[in-house]
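**Student:** Sharing a structure, written as structure tokens. Questions coming.
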Amino acid sequence: MSQKFTSELLRWYHDHPRPLPWKADNDPYKTWVSEIIMQQTRVAQGTPYYLRFIEAFPTIDDLANAPESKVLKLWEGLGYYSRARNMHFTAKQIQETYDSVFPDAYDDILKLKGIGPYTAAAIASFSFGLSYPVVDGNVLRVISRYFGIEKSIDDIQTKKEITKICEDLIRDVDPAVFNQAIMNFGATQCVPKSPNCVKCYLSKECKAYKANSVSIIPVRTKKVKQRSRYFQYYVIVDGDHMYLRQRRNKDIWKGLYEFPMIEKDDEWHLGIQKDIATFFEFDGINILSLEGHKVFKQKLTHQTIFAKFIIVEIIKPVILEKEEIIRIKQDKIDKYSFPKTILNYIKGKSQTTLF
Ligand code: SF4
């Protein structure tokens, strides 16, 4: 059954080539960048990010020597900004510890910050030809369906069992080809919902297909706890200037900019004057006009953000007391990096008549 799996998978891969820009050479740096970007988005959306990133930072040294603000700007809109910060950190680590040469041993790669077993296996196999299987959500789904594993893939023991199956499968074939084939197969053929099993190269031996259990495998037990958060942003404008704050606390948006914001329990639009005075630690704010806007929603893994933007026109500039707050010209807003919700709001407005 295992031999049949591999031979049919590789036959499918041969018949379904998928050219990807980072596959043009085996450069471990490019493999690393592409894997981190593709972990958080689909290939079609991630490819322009990858190309821009590599153009700006063609080598590990270019990334290591860049200011963090430039790295975050290129990551803007992808989410999971800690991954960009980790990459920046790791590029410096490789520069210092390995003389800017990417380590070529699996264990050394795995020790790098922000690189887990999946990414380490991808780099080790694609760039160094080492026999380590990639095991991500796609692979867990393909293997559990084909081999009829009805245990929860959230269970660490099941993951170990599937990893062991993959280690056996990859042993006698080119690891780079096997890993790319199973990743592509999971992403485009054995998809989560309604895969086209009738036209699948693997259907003859696929246990889930034969048992009519494709829709219930893979089994999942872990439910992600979701919480709702309500952010009220104040787009404060005086003449052609506006105010931004850089997030300094240790959360997923650290280092990015935002408009002055107050987190509400669940009610919108209350106590604006007080909110703004609290934000600036400054009382003498005279509001000229107010304009409310629709609510933007963004779903993250553990939380759903509801964001409301209120444009507040004030009479004269605020005296800035806090270091993290800056006053900028409105037409310079493109120079700063923002979380996705704010970016969507900014993009939704015409650049010439921004606020
Ligand atoms: S037959 Fe269906 S469930 Fe089985 S491997 Fe193919 S696509 Fe996946």
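In the numbering used here, the protein residues as written are 5 to 359. By construction, the Cβ of each residue, glycine as well, lies at the ideal position given by its N, Cα and C atoms.
Here's a check: name, in chain order, each residue in its chain whose Cβ is nearer than 8 Å to the Cβ of A185, leaving out the five neighbours to either side.
**Tutor:** L13, L14, W16 and Y17
**Student:** Within 10 angstroms of its Cβ, does A128 collect 16 or more other Cβ (buried), or is it exposed?
**Tutor:** buried
**Student:** Suppose the cutoff is 8 Å on Cβ atoms and the five residues either side in sequence are ignored; what does the same chain contact list for S104 look like?
**Tutor:** T63, I64, D65, A68 and I98, listed in sequence order.
**Student:** Just checking my contact of I280 with I240 at CB under 8 Å: how many whole Å lie between their CB atoms?
**Tutor:** Contact between I280 and I240 holds, with the beta-carbon distance rounding to 7 Å and staying under 8 Å.
**Student:** Using only the heavy atoms of the ligand SF4, determine whether one of them is closer than 7 Å to the beta carbon of L304.
**Tutor:** no
**Student:** DSSP three-state label for K115, please.
**Tutor:** helix
**Student:** How many angstroms separate the CA atom of F61 from the CA atom of I329?
**Tutor:** The alpha-carbon separation between F61 and I329 amounts to approximately 29 Å.
**Student:** Give the straight-line distance between the Cα atoms of S156 and Q7, rounded to the nearest whole angstrom.
**Tutor:** 25 Å
**Student:** Fully enclosed by the segment 118-162, which alpha helix (DSSP H) runs are 4 residues long or longer?
**Tutor:** 121-132 and 141-150
**Student:** By the 10 Å Cβ neighbour count, where 16 or more other Cβ atoms means buried, how is Q161 classified, buried or exposed?
**Tutor:** exposed
**Student:** Keeping to the same chain, check which residues put their C-beta closer than 6 Å to that of L358; ignore five residues upstream and five downstream.
**Tutor:** Here L358 scores only 47 on pLDDT, less than 50, and its place in the model should not be relied on; the value that follows carries that caveat. Counting only Cβ-Cβ distances below 6 Å, and skipping sequence neighbours, we find Q334.
**Student:** So is the beta-carbon of C201 under 7 Å away from any non-hydrogen atom of the ligand SF4?
**Tutor:** yes
**Student:** Can you look up L14 in the DSSP assignment and give me helix, strand or coil?
**Tutor:** helix
**Student:** Less than 8 Å between the beta carbons of I41 and L76, yes or no?
**Tutor:** no
**Student:** Quick check on K4: does DSSP put it in helix, strand or coil?
**Tutor:** This structure cannot settle anything about residue 4, because the visible part of the chain is limited to 5 through 359.
**Student:** Measuring CA to CA, which of V47, Q250 and V202 is closest to Y340?
**Tutor:** Q250
**Student:** Indicate the three-state DSSP secondary structure (helix, strand or coil) for V322 in the structure shown.
**Tutor:** coil
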